[in-house]
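Only one structure is covered here, and it is reproduced in the block below.
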Amino acid sequence: MSSVKVAVRVRPFNSREIARESKCIIEMAGATTAITNPKVPPNTSDSVKRFNFDYSYWSHDHHDADFSTQSMVYKDIGEEMLQHSFDGYNVCIFAYGQTGAGKSYTMMGRQEEQQEGIIPMICKDLFTRIQDTETDDLKYSVEVSYMEIYCERVRDLLNPKNKGNLRVREHPLLGPYVEDLSKLAVTDYQDIHDLIDEGNKARTVAATNMNETSSRSHAVFTIFFTQRRHDLMTNLTTEKVSKISLVDLAGSERADSTGAKGTRLKEGANINKSLTTLGKVISALAEVASKKKNTKKADFIPYRDSALTWLLRENLGGNSKTAMIAAISPADINYDETLSTLRYADRAKQIVCKAVVNEDANAKLIRELKEEIQKLRDLLKAEGIEVQEEDELTKSTVIKSPTKSRNRNGSTTEMAVDQLQASEKLIAELNETWEEKLKRTEEIRVQREAVFAEMGVAVKEDGITVGVFSPKKTPHLVNLNEDPNLSECLLYYIKEGLTRLGTHEANVPQDIQLSGSHILKEHCTFENKNSTVTLLPHKDAIIYVNGRKLVEPEVLKTGSRVILGKNHVFRFTNPEQARELRDKIETENEAENEVEKTDTQQVDWNFAQCELLEKQGIDLKAEMKKRLDNLEEQYKREKLQADQQFEEQRKTYEARIDALQKQVEEQSMTMSMYSSYSPEDFHQEEDVYTNPMYESCWTAREAGLAAWAFRKWRYHQFTSLRDDLWGNAIFLKEANAISVELKKKVQFQFTLLTDTLYSPLPPELASTVAPVHQEDEFGAPPVSKTLVAVEVTDTKNGATHHWSLEKLRQRLELMREMYHNEAEMSPTSPDYNVESLTGGDPFYDRFPWFRMVGRSFIYLSNLLYPVPLVHKVAIVNERGDVRGYLRIAVQPVLDEESIDFNNGVKQSARLVFNEDDAKPKYRALNEKDDVQRYIDNGGLDSKLEELEDVDSGRGIDSNSASECHENSEEPGEHLQVGKEFTFRVTVLQATGIGAEYADIFCQFNFLHRHEEAFSTEPVKNSASGAPLGFYHVQNITVPVTKSFIEYLKTQPIMFKIFGHYQTHPLHKDAKQDFVSRPPPRRMLPPSIPISQPVRSPKFGPLPCAPTSTVLAKHDVLVWFEICELAPNGEYVPSVVEHSDDLPCRGLFLLHQGIQRRIRITIVHEPTTEVKWKDINELVVGRIRNTPESSDEQDEDACVLSLGLFPGEALEVPGDDRSFYRFEAAWDSSLHNSALLNRVSQGGETIYITLSAYLELENCARPAIITKDLSMVIYGRDARTGPRSLKHLFSGQYRNPEANRLTGVYELALRRASEAGSPGVQRRQRRVLDTSSTYVRGEENLHGWRPRGDSLIFDHQWELEKLTRLEEVGRMRHLLLLRERLGMDTNPNPTTKTEKDVCNLAARAATSPVHMVIPQSPQTPVKDPQQIIPEREYNQREQDLMLKCLKLVQGRYTKSEANDTQTQSDVSPSDEGCADMTVSCISSNSMENNKFVIRRRLCSPDRADAPNGWEAPAPATQPALPLRLYVPELEEIRVSPVVARKGLLNVLEHGGSGWKKRWVIVRRPYVFIYRSEKDPVERAVLNLATAHVECSEDQAAMVKIPNTFSVVTKHRGYLLQTLGDKEVHDWLYAINPLLAGQIKSRLARRTLEPASQTASQIQATNAANANSASK
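Residue numbers for the sequence shown follow full-length UniProt numbering, so the first one is 1 and each next one is one higher.
Written out as C-alpha cells, the structure reads:
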C-alpha cells in the first residue's frame, strides 16, 4: 500500500496577467507551498494558507536559483514511475489544474531542447533501458493506445477507421476497458513519437470538423509494457505486464467567458462533468483513507459518473502507483482557482493505492476466459441456442431454436450473445502474435496517412511537419475572418451528392452546422454532381455570392466569395476546376492570363466586405462622413440645450441661495438681539421697545476684550474644513475610481491651501475666497481663510494641479459622460474621438514648462538709515520645505557710483507708490492665535506650550526689533517726501537647488506690484552643486511718499525662483534629496484611536460632547487591577506584564474559570471642585482579538453591566492626594464569548473595553472613564509570569502593587449651558462622512481613502513652519542690521518684559489683595484707570527688585502663607496654589494658560472672572455657590518618546524629607516611580501648567547644590541630580528654553570680562593720544 505522490508546480506570469499588473501570491519553501489571500489584510489568521506536498516546484522565474526545469520534474517523478513499471506495477501520471496553468507543458512539453515533457521523456528513457537490458532470456514488447474523451464520448486517435464513438465496457476480470480501441505495437522511441504526433493531428482535425477545441477534451496515452523472462532451469516463460497511463486533463471552462446560452451552455457543463466527478472521487477516496479501519459501512465512490474516472478506476485508489501534478497560477486574479487546486491536491495526498506485481497475466486470463466461454456456451444450449465454431475465433454463428426461443426472454439472450462476442474479441487480441500486431500497426498507419491526405492534413517526407492543406479532389469551403490569424482555419467539405447547411436545431440533421441570428434552421444546400457544385438557397435565406444576393440556384466557381447570413464569410474552392483553369491559362494569351489571375486570386475578409458594399451601391466613405456630420450636429444641438438648461438652473439656485442666506442673517440678527435680554428685562415696560444692540455700557477695556475674543474665534475653521472634507469625499473617490478604470494615470486627493506669503493661491482659486482687504473697526489686520482644494497628480505627464471643489464636481460630470461613452464603445467599432464629444479630456490640464522652486523675502528697512546689506535667505516652497538659498544685496544709491560685474546684467526701472500700497495684503503669521486658528476647542494652550517658554525670560526679538524701529521712526534726509530715492537690488548667487531643476532664473517684485516684475537670465544648473551665479543688478528709482516709507518699514520684496523640472516626479531619480522635517507629535492624531465609551444599558445613548466654556482642568491618574480569587479566599491582583511595545502598555495574565473582580483607583490633587460621590455603572464590552475596535460591537450581546461594590475614599499615610477606589464583580462567562471562556491560543491576545460611569458633586451628567485592556487567559493551574526576556534578565518588581495598569486622564469641567441655545445647536450639527460610502469601482482603489482630519493637522504644521521661517528671516534681517549699525554695545540689556515684572512686583507689594494679572500682549485695549504710571529705575534698583522677586517666587514659609491667607480670605485647600501663584506671575505661560490665572489669590467669586478683571472684596467670606458642571474625562496618550530618565532626589512641599525616586520625562508629563524596576506610575507632573526655575539665588538659599524646582498648581517639588553635569540635561529635557537661557547667560558672563578689558585698553589709548596732541 502506498499513497498518491502529489507535486505542485507554479508557472510564470502569462501575457494577460502581466497586462493586468498581477502580484505573485505563491511562496514555496522546500516541500511547503503557501498562498496569500489578496482580499484579506496582511498579518491576519486567514491571510496565508500553507500546504505540504511531496514536491513543490518553483518554475515562476527562470532567473531564480531555485527554478525547477522540466528535467528536474521528470527526475523526481518520471524516473520513479518508470522504475515501478519495470518492477511490474501499473503506473499513472496525471496533471490537474485550471486552464492555462501549465498541465500540457508539463506532460507534453515542446519540441525545443530541454523543453520536452514527462510523456516524451519517459518514452525515450523506456526504450533506452530496454536496449541496455534486453537479452536472449529477457524480451520486451511495447504497445500504445491513444484516446480522447470529449463530452463523455471516447474517440480513438490512432485508427482513422474508428470514426464513431467507442464503447466503454466492464469485464469482471479486466475491469473497465474501451472496446475496439487500437493497441499498436512499437519497437523504438521514434515509433512512439510518430504516433503521438499523428494522434495530436487526428485530435486537431477531429476538433475542427466538429467545431470543438482540443483544450476541451481529455487525452489518455497508455503504454502496455510486457516483460518475458525465460527460465532455463525450469524451461518456463514468465511475464510481467504493466500499464503506464499518462493523462493530460482538460482545463476548466467558464461559462461567462464563452457567452454560451441554452443548449450550448448545457454542452459546456457536460464537458466539465468528468472534471467535477474526478474531484468527487478524490474527495471520497481521501475520506475513506482518513477513516478508522474498523469502519464497517461501505463507502460509495462515484467512479461511474464519468467515463474518465471509470477508465482510471484502477489508477485512483486501486492497483496502481499513481502520481498527481497540480499545476497552479501565481497571479492574485486566479486566487480562487489556485486555492481550489491546492485543496484537491491536498485531498489526493491522502488516497491510498494497493498496487501488486502483474505476473503471468496472459496465461491466467486465457484460462479464465476459456472457462467463462464454456459456461456461456452451456447457458446458451440450455436456452436452446446452438453455437457453431469456425476456424476464426473472432466470428461465431448463432442459430436460434425456434421452438424454445419463443418461451425465453429476448433481452437475456441478446446480453449473453453480446458478452460472448466481447470475450472472444479479448481472446483474439490476447492470442495475437507479436508479428501480427506489427503487421496490423503498419496497415493502420498507411490507412491513416491516406485519410489524412484526403482530409487535407498532409505530412511531409520528414514525417514531422504537418499542416492543413486544401484537399486535392474534394470541393470545400474555407472560412475568412476579420482577424487574419483566424482566417483559413476551418474547412467544410462538400461531399458527393447533397450537403445540407443549417443549425443544430433543424429537424433533419445538417452536415454543416453554423450558429448566428441570421442562419436559418435549414439555410441552403450544396449539390455536388460530377465535380460541379450548385448552391441551392432556401426561402428567406440571406446568401451573398461575390457580393450579389442569391435568390435562385447558382453554380459556384472556384475562388467565389460566399457570405452566409451576416457574419459567416467563406471562400469556395473546387480542386478539379482549379486544375482545369490552370491548364486553360497556360494555352491562352498573356492579357487573358492576367484577367483570369485576378479572378482566381486569394482574397481576405476585408475584400469580401468591400465587394459586398460595392455591389449594393453603398459608398463607405460618404456614409461615414454623413454619419459624422449628423453626430456633430446632434452634439452641438444637445450641448446648446444643456448649456441653456444649466444656466437656468444656476440662476434659480443662486436666487434660492440668496433668499436663504438673507433669511438666515435675519434670524441670526433676531436671535442675537433677544439673547442679550434677561428674564427681568421683560417685566420692565419702559425697556420693552429699547433695542439693546445700540446701547452698550461696556468700558473701553471690555470692548477690547470682546473684540479680541471675536477676532480669535472668527478665524477658527476646524469644523467647517472637516465638513468640506467629509461632504466631498464621495466625489473624490468616484473620480479616482473612474480614473483607474479608464487608465488615465491621474490621482486625486484633498489638500488645504492658505493664502500666505510663501503660498499664495492660484488666480482661479483666489476668486473663490473672499479675504478681508481692510482692517476692521478694532484694527484687526486682514486674514485669508483656508479652503479645501483637490490636488490632481498627473503621473502621465508628471504635473500637479490644484482644483476647487466646484471644479471637481464640474469635471466629474464630464468624467461620468466619458465613462459611459467608453462603456458603450464596441471593440470592433471604429475608435472615435472622445474629446470631441466631451470638449476636451476632463482629467488633464495644461502645465507650464517652468515650475516654481520656491520663494524668498528680503526686508528693506536698511534703506532707512541708509546702509548696504547682503542677505542669505532660504528658498522655501509652498509646504515650508527649504529648497536652497539665495544671496541678495540691497543698498542705497546716494551718488553716481556704479558696480560692474563681468558676467552680470544691469538694468534700471522707475516705480511709483500710491497711498493704498502700504496696506499689507497678508496678515503676519507670527500671531499665536493665527497659527492655531483651526483648533476650535480648548486645546489652544496645550498646543502652544511647546512653542514658547513657560518661564519669564528675555527674547532677542523684543529688544532688537524695538530699538531698530524706534530709531527708524524719523527717516533721514535721503528719504524726504517729494524727493527721488534710488536703491539697488543685486541678485548674486543661488546654492543648494536640487539637480532635478534645470535652467534656473529668479524673478522679484514688490508685494503690491505683481504686474511689474524684474527677472534674471536663466542659468544652467549642473549636478556638481556649484553656486549658480546670476549677478543681476537692478536699479530702482522711487519718488518718496509716506506709503513708500511705510513699505520699507514693514513689507519685504518677494523673490520667486523658477526652474525646468526635467525628471518625472514619480521616478526613483526624482525623489527629493532633502529631508523634510516631520511634524511634531502634538500636530499628529493619536497613533491608536482612543476608544469611545461603551454604551451603558442604564444611561442609554451617549450624550453629545459638551461645547461650553472650560472652567477648570485637572490631571487624573487611574490605576486598573483585575483581581482573582486566591485559595485563601481573598481577591489578589493578577500578574501584569508591563511593556511600552504593547498596544495597551500592559498585559493581564489571567486564569481560566476563576472568579474575578475589577478594581479601579482614581488619584488626583485635592481640590474643592472634584469630589467623587458614587460609582453608577461599570460596563465591559467589545471583546475582540485585535487592538482596533468598532462602535458596532456595542450592539451585540457581549456588553455586560457588572455588579458594583460601594466606592470609598482612601487615606494614604504620608500622601495628601485624593484617592477614590471602587470594585465590581466580573463574571466573564456572561459575555458568552469564546475568547474569554477558553484558554488563549498561542500568540493570541484578547482585548476588552470598559467604561465606568461615576457621579461627581455639582455635575449634571456622570463622568466616564474608558480604557482598553489586553489580557491572555491561561489554564486554571498554570503559573503566570512575564513572558519577555527583558523581564527575565532584568529582574522583576515583586511588589503586589506592581500588578496594575496606569491610565492618565484629563478632567475638564465645563459650564452647563442650555441645550436649546443657538450656539449649541450650531455646534452640534452633524455632517455625514462620505469617505466610507461605496461608489462603483471602489474595489479597484485597493482600500484607498480620502484624507480627513489628519490633513488639517498636517496643514497646521505647514503653516507653523512658514510662520517660523518668516520670523527667522525677519529676525536675521534685524540682527544683521543691528550689527551693521553697531548697536550691540550693551551685552545684557533689560528687556521690556522684565520692566513690566518690576512694575507688577511694586504694585503687588502695595495692594496684595487686589492683585492685577498682567495683560496678554494680544489684548489690544487697556483700561486707562488700571494703568499705573511707570517709574524709571536705575540699573541697580532693577537688579535688586528682580532678585527679590525671584527669592519670593514659590517659597512662602508657613507663617507667610497664613498671613496671606488671612488677608485674602482663601480656604485652607488653596494653600498649595498660593505657593505657586506669585511664581507664575512673571511666566509667559500666563497668556497661554487661563486655568493658572483663575487660581490666584482671590475669593471664589473672583476666580471665574476673565484675565485682568477685578472684583470688590467681600466683607465676609460667602458660601460656595452651587454651580452645575459638565465633566469630560479624556484619556491622554502618553508620548513614547522619552526625553530623559534616571534617579533624582525629590523633596516634596510639606514632605518629611528627601526621597530617591526614578523619574521619566515624556513631554509634557513627568512620571515619578518608586525605583528603577517599578513599572507603575506613582505620580505625574504636567509641565504645561508648571513653573520650572533654576538659579544661583535658589541654590544659595537652600544650600544644596545641583537643585532646581518644579512648581505645579497644587504643590512644589525640589529636585536634585546625582551629578553636576546632569543638571543641564535634566533642565533641557523638562524645559529646553530655560536651559538655553541659562547656557546663554553663562556664555555672556564669560564674554563680559573680555569686553571690559578691551574697553579699558581703548580708553587708555585715547587718553595717551590726547596727551600727546596737547
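We put the beta carbon where it would ideally sit given N, CA and C, even for glycine. Note that this is a predicted model, so its numbers are computed, not measured.
Spatial neighbours of residue i in its chain, beta-carbon cut-off 6 Å, leaving aside the 5 residues before and after
i, result
"THR558", "THR573, ASN574, GLN577, ALA578"
"ASP511", "THR499, ARG500"
"LYS5", "ASP54, ALA323"
"LEU1365", "VAL876"
Start and end residues, alpha helix (DSSP H) containing residue i
i, result
"ASN736", "718-742"
"LYS124", "118-133"
"GLN976", "Run containing GLN976: none; DSSP gives neither H nor E here."
"TYR303", "Neither: TYR303 is in no alpha helix (DSSP H) and is coded neither H nor E."
"THR1363", "1349-1381"
"HIS1624", "1622-1630"
"ASN1237", "1234-1237"
Beta-carbon contacts of residue i that lie in its chain and below 7 Å, excluding the five residues immediately before and after
i, result
"LEU1125", "TYR1131, ILE1154, GLN1155"
"PRO971", "LEU864, ILE1045"
"TYR832", "Only weak support exists for where TYR832 lies, its pLDDT of 44 falling under 50; the value from the coordinates is given anyway. Nothing listed; no residue qualifies."
"PHE1120", "ILE1160, LYS1267, LEU1269, ARG1300, LEU1301, GLY1303"
Strand pairing of residue i, partner residues [DSSP]
i, result
"ALA909", "ILE1036"
"GLY1146", "HIS1138"
"SER759", "DSSP, once it has assigned bridges, lists no residue as partnering SER759."
"MET1271", "PHE1148, ILE1246"
"ILE1057", "GLY854, CYS1002"
Residue nearest to residue i in terms of C-alpha spacing, selected from the options
i, options, result
"PHE731", "LEU536, SER1240, TRP803", "TRP803"
"THR1041", "TYR1031, GLU980, GLN1092", "GLU980"
"ALA149", "VAL569, LEU249, LEU721", "The question names Ala, but residue 149 is Ile in the sequence shown. Nearest option by C-alpha distance: LEU249."
"VAL48", "ASP191, LYS1573, ALA34", "ALA34"
"GLU973", "PHE570, LYS1113, GLU442, PRO866", "PRO866"
"VAL1607", "PRO1601, ILE1600, LEU1615", "LEU1615"
"THR786", "LEU765, LEU753, GLY798, ARG1095", "LEU753"
"PHE526", "GLY497, VAL1335, GLU152", "GLY497"
"GLU314", "ILE282, GLN114, LEU342", "ILE282"
"ASN821", "HIS1610, GLU741, GLU359, ARG1347", "GLU741"
"HIS193", "GLY727, VAL1239, GLY117", "GLY117"
"GLY71", "ILE1158, LYS124, TYR1334", "For the sequence presented, residue 71 should be read as Ser rather than Gly. The shortest C-alpha separation from SER71 is found at LYS124."
"TYR189", "THR534, GLU143, GLU996, ARG153", "GLU143"
Residues near residue i by beta carbon distance below 8 Å, same chain, minus five either side
i, result
"ARG11", "SER59, HIS60, ALA101, GLY102, TYR105, ALA327, ILE328, SER329, PRO330"
"TYR694", "Because the pLDDT at TYR694 is just 48, under 50, the model does not fix this residue reliably, and the value given afterwards should be weighed accordingly. Counting only Cβ-Cβ distances below 8 Å, and skipping sequence neighbours, we find nothing."
Boundaries of the beta strand (DSSP E) in which residue i is found, first to last residue
i, result
"TYR335", "No beta strand (DSSP E) holds TYR335; the alpha helix (DSSP H) holding it covers 335-348."
"VAL569", "568-573"
"GLN1616", "1612-1616"
Cβ of residue i within 7 Å of any chain B Cβ
i, result
"ARG571", "Of the chains in the structure shown, none is chain B; there is only one protein chain."
Residue i CB to nearest heavy atom of the ligand HEM below 6 Å
i, result
"PHE718", "With respect to small molecules bound, the structure shown includes none, and the ligand HEM cannot be examined in it."
Give the list of continuous alpha helix (DSSP H) stretches no shorter than 4 residues that lie fully inside the segment 39-74. Correct list: 70-73.
Every unbroken beta strand (DSSP E) inside the segment 985-1044 [3 residues or more]: The segment 985-1044 contains, as complete beta strand (DSSP E) runs of 3+ residues, the segments 997-1006, 1028-1039 (chain order).
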